[in-house]
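Chains as they are written, first to last, in this note's numbering: chain H, 111 to 381; chain G, 954 to 1283.
In what follows, a single structure is set out as C-alpha cells and then discussed.
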Amino acid sequence: MLPGFKLTLGFTVFYLGLIVLIPLAAVFLKTSSLTWNEFWQTVTMPTAIASYRITFGASLLAALVNAVFGLIVAWVLVRYEFFGKKIVDALVDLPFALPTAVAGITLASLYSSKGWLGQWLEPLGIKVANTQIGIFIALTFIGLPFIVRTVQPILEDLDPELEEAASSLGANRWQVFWRVIFPMLTPALLTGFALAFARALGEYGSVIFIAGGIPMKTQITPVVIMQELDMFEYGKATAIAVVMLVASFVLLLTINVLQWWTNRYNTNNLA
Amino acid sequence: MKSFLKIMLASALAVSANAKEIKLLNISYDPTRELYTEYNAAFAKYWKGKTGDEVTINQSHGGSGKQAQAVINGLEADVVTLALAYDIDAVSKQAHLLPADWQNRLPNNSTPYTSTIVFLVRKGNPKGIKDWDDVVKADVKVVAPNPKTSGGARWAYLAAYAYALDKNNHADAAAREFIKQLYKNVPVLDTGARGSTVTFAKNGIGDVLLAWENEAHLALKEFGTNDFEIITPSLSILAEPPVALVDKNAKRHHTTEVATEYLKYLYSDEGQEIAAKNYYRPRTEAIAQKYANNFTDLKLVTLESQFGSWANAQKTHFADGGVFDQIYQK
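Laid out in C-alpha cells, this is it:
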C-alpha cells in the first residue's frame, strides 16, 4: 500500500461527504416529509412518468449519437494534421464553457421558424424548436466534449505499432479497427458516454428554451421538479429528484461495472 | 496634510452623527424592474427631505415564486413586492417572517397598484383577435407561460377562466372546456413571463401572447409599435400584485420605520403617478383619470369574486392533478 493511504482515504471520505453526500442526504431527508402514499402518488403522476421517459430517452439517444460522432472527432483530431486544427480542438470545449442558458437561447433562435436553420427545416416538415427533437439537439450539444475529451488521450497513447503488427499479420482496416483499436477505446468511450448521459439527465438551462415545456410531450423532469418548487411543494420536488437520483445512480453503476469488466477482459487478452 | 485628514474625519463623523445611511432590499418579480427603478429614486429623495437620511434601495427581480423561495431560504429582504398574494403567503407560512394577516395591513389588500392580462398580437392583427373567444379558435396559436411556474401565467389562466364563467352563467364544466381549448392552442409553455415574451416577439412563435398589461406596453416600447399591437379583451382579471413588510428581517436591520414608509409612499400621489407611468393601474381615482390614455376600459373581476381565495384557486386549478393538469391528461 502507498504511504499516506490512511490520510488520503480519510480526506477522500471527508471531501465526498461534504460535497456530495450531505446534499444528497438532505434530498432524501426532505423527501421523508412525505408519507409513502404521497411519495408514490407524486412520483407516478402522469406528467412525471412522461417526463422520465422524455428525459431518459433523449439523454440516452444524445449520449449514443455523441459516442459515435465524438469518437470520429477525437480520431480526426489525434490522427490528422490540418489547417485550423487548434481552432477545431478549442471549439470542442465550447459547450463546456458557454453558459447553458446562452446555449439554450441560441439554439432556440437558430431552430425557430424564423431562425437560420429552422427556416430551411420547417418547409421540409421538420420541426425542431419546441419538440422532442429540440431536446435531443440541446442534449447532444452539451454532451459532445465529454466523449471527445475522454477518448482523445487514450487515442494519443495508442501505439501505432499494434496496428502495424495487425496489418502485417493480414488484418484489413475494419479488422484493425474492430479487433485492435476499438477494444482498447471501449473503457474510455464508456466513461465519456456515462458522463455525457449523466450531464444530459440533469440539464436544465440549455433545454428549457428549446423544449417547449408542454406537459406529457416536451416537459423534462427538471422542469417538473421546478414546478413543484414554484408551488412551494418541497417534499414533492425532492421526491421526484430522488427518483432521478436513484435511476441515474443505478445506470451509472451499471456502466461502471461494464467498464470494469471490459477493462479486465482487455488486460487478460493482451497479457 | 494631517490637518486635512482631521477635517475630513471630523466632517465624516459629523455627517454620520446627523444623517444615517440606510439600506433597503426590495425583492420583487420580473416586470416591475422599470417601475421600482423610478420609484426608488423618488422615495430616496422624499425620505431625505423628510428625515435627512440617505436611503439606498437595492432591488432584485425574478420569477415571483423563485423570489419568494429565496426569501424563505434566507435572502434578507426588508420588503417583498411580488406578483401574487400566494407567494407572500408562502413566505409567511413557511418561514414565519411576517404574520399571516399581512394583507390587511395596507389599504386595498396591500396592492397599491393593479394590472390585468391583455393580448399582444402581430401588427395588423392578421387573425382578427378581438376577445377571448378568438383566442380559443382552432387555427390560433397562443403563447403563455406555465401557470405552475409563473405568477403572471396564473393570472392569465384565471382571466380566461373568469371570462368563460361569465359567458356561461358560471357553469364550471363549460369553463373547463374553454380553458382546455385555450391551452390546446399553446405550443410553448415557458417557465416565466419574460420567456414567453421572447418566444413570441423574438422567435416569432404564435399569433397572440397572453401578457401582463404593463409587460405588453413594455414589449411595444422595446420591440417597436411596427411589429405588434395590444388588444384588450372585454373582460379580464383584476390582477393584484401585493407588497409587504418582511417584519423579522426589517426588525433585525432596524429598518422597520423606513421600510413601512417605503410601502406607504406607493399610495401617495407621486407613487401612484409613477405606477401609472409604468402602465400599472393606479388605485387613486384622480391619478387614474390623469393617465386614462394609458389604459383601455374593460370589465375587471377580482380573484375573490370568482375563485374565493388563492388557496382555493391553487388547490382546484394548479396543484398536482388539478384542472390544469387534467388538460394534458386524457
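Positions of the beta carbon are idealized from the N, C-alpha and C atoms, including for glycine.
Who are the Cβ neighbours of Glu273 (chain H) in its own chain at under 8 Å, not counting the five residues just before and after it? Val286, Val290 and Ile291
On the DSSP bridge list, what partners appear for Ile245 (chain H)? For Ile245 (chain H), which the question treats as bridged, DSSP gives no partner whatsoever.
For the segment 1226 to 1241 of chain G against the segment 987 to 1007 of chain G, do three or more pairs of beta-carbon atoms, one drawn from each stretch, fall closer than 8 Å, so that the two count as touching? yes
Integer-rounded CB distance, given that Pro984 (chain G) should sit under 8 Å from Glu1193 (chain G): About 14 Å separates the two Cβ atoms, so there is no contact after all.
Same chain, Cβ closer than 6 Å to Val198 (chain H), five either side skipped, listed in chain order: Apart from sequence neighbours up to five positions away, no residue of its chain approaches Val198 (chain H) with a beta-carbon distance below 6 Å.
Using the beta-carbon count (16 or more within 10 Å), is Val360 (chain H) buried or exposed? exposed
Inter-residue Cα distance where the pair is Leu1191 (chain G) and Val1254 (chain G): Rounded to the nearest whole angstrom, the CA to CA distance from Leu1191 (chain G) to Val1254 (chain G) is 5 Å.
Apart from the five residues on each side of it in sequence, which residues of its chain come closer than 8 Å, Cβ to Cβ, to Thr990 (chain G)? When the five nearest sequence neighbours on each side are left out, the beta carbons in the same chain lying within less than 8 Å of the beta carbon of Thr990 (chain G) are those of Gln1012, in order along the chain.
Beta carbon of Lys1101 (chain G), beta carbon of Gln337 (chain H): below 7 Å? yes
Shorter than 7 Å from the beta carbon of Thr985 (chain G) to some beta carbon of chain H? For Thr985 (chain G), no Cβ of chain H is located within less than 7 Å of the residue's own Cβ.
Please tell me whether Phe124 (chain H) and Ala172 (chain H) are closer than 7 Å, where the distance is taken between their beta carbons. no
Against chain G, with Cβ distances strictly below 7 Å, would Asn240 (chain H) count as a contact? yes
CB-CB under 8 Å to Ala967 (chain G), same chain, minus the five flanking residues each way: which ones, in chain order? Low local confidence applies: a pLDDT of 47 at Ala967 (chain G) is under 50, so the model's placement there is unreliable, with the coordinate-based value given in what follows. Around Ala967 (chain G): no qualifying Cβ.
Is Leu1256 (chain G) close to chain H, meaning its C-beta is less than 7 Å from at least one C-beta of that chain? no
For Trp1165 (chain G): DSSP bridge partner residues: G:Ile1070
Cross-chain neighbours of Phe342 (chain H) in chain G, by beta carbon under 7 Å: Ordered by position in chain G, the residues that pass the 7 Å Cβ test against Phe342 (chain H) are Ala1043 and Gln1047.
Does any CB atom of chain H fall closer than 7 Å to the CB of Gly1177 (chain G)? no
Might you give, ordered along the chain, the residues of its own chain that have their beta carbon closer than 7 Å to the beta carbon of Phe1323 (chain G), omitting 5 neighbours on each side? No answer is possible for residue 1323 (chain G): the residues shown for chain G start at 954 and end at 1283.
When Cβ atoms are compared, which residues of the segment 314 to 327 of chain H fall closer than 7 Å to chain G? Ile318, Gly322, Gly323, Ile324, Pro325 and Met326
For Met155 (chain H) and chain G, any beta-carbon pair shorter than 7 Å? yes
Give a yes or no on whether the minimum CB-CB distance between Met336 (chain H) and chain C is below 7 Å. Absent here is chain C; the protein component of the structure consists of chains H and G.
Exposed or buried, Ala970 (chain G), counting other C-beta atoms within 10 Å across all chains shown (16 or more means buried)? Bear in mind that the predicted position of Ala970 (chain G) carries a pLDDT of just 47, short of 50, making it unreliable; the figure below should be weighed with that in mind. Ala970 (chain G) should be labelled exposed.
Does Ala381 (chain H) come within less than 7 Å of chain G when only Cβ atoms are used? With a pLDDT of only 45 at Ala381 (chain H), under 50, the local geometry of the prediction cannot be trusted, and the value read off the model is given with reservation. It does not; no Cβ of chain G falls within 7 Å.
Neighbour flag for Lys224 (chain H) against chain G, beta carbons, 7 Å: yes
Quick one: which residues of the segment 1267 to 1279 of chain G get their C-beta closer than 9 Å to a C-beta of chain H? List them in chain order. Under the 9 Å Cβ criterion, the segment 1267 to 1279 of chain G contributes Gln1267, Phe1271, Ala1272, Asp1273, Gly1274, Phe1277 and Asp1278.
Neighbourhood of Leu231 (chain H) by C-beta, 8 Å cutoff - its chain only, sequence neighbours within 5 removed: Tyr221, Lys237 and Val238
Residue nearest to Lys140 (chain H) in terms of C-alpha spacing, selected from H:Tyr375, H:Ala347, H:Leu311 and H:Gln369: H:Ala347
Classify Tyr1116 (chain G): buried if its beta carbon has 16 or more other beta carbons within 10 angstroms, exposed otherwise. buried
Cα-Cα separation between Gly1005 (chain G) and Ala1212 (chain G), rounded to whole angstroms: In a straight line, the C-alpha of Gly1005 (chain G) is about 16 Å away from that of Ala1212 (chain G).
Within a Cβ cutoff of 8 Å, which residues of the same chain sit near Leu366 (chain H), ignoring the five residues on either side of it in sequence? Before going further, note that residue 366 (chain H) is Asn rather than Leu in the sequence given. Closer than 8 Å at Cβ, skipping near neighbours: Ala304.
Quick check on Asn1156 (chain G) - is its C-beta less than 7 Å from some C-beta in chain H? yes
Assign Asn979 (chain G) to one of three DSSP states: helix, strand, or coil. Three-state result, Asn979 (chain G): strand.
Any chain G beta carbon closer than 7 Å to Asn373 (chain H): no
With 16 other CB atoms within 10 Å as the buried threshold, where does Phe206 (chain H) fall? exposed
Of the residues that make up the segment 211 to 236 of chain H, which ones have a beta carbon closer than 8 Å to any beta carbon in chain G? Ile215, Ala218, Ser219, Ser222, Ser223, Lys224 and Gly225
Closer than 8 Å at the beta carbon, the chain G residues around Thr152 (chain H): Within chain G, the residues near Thr152 (chain H) are Asp1273.
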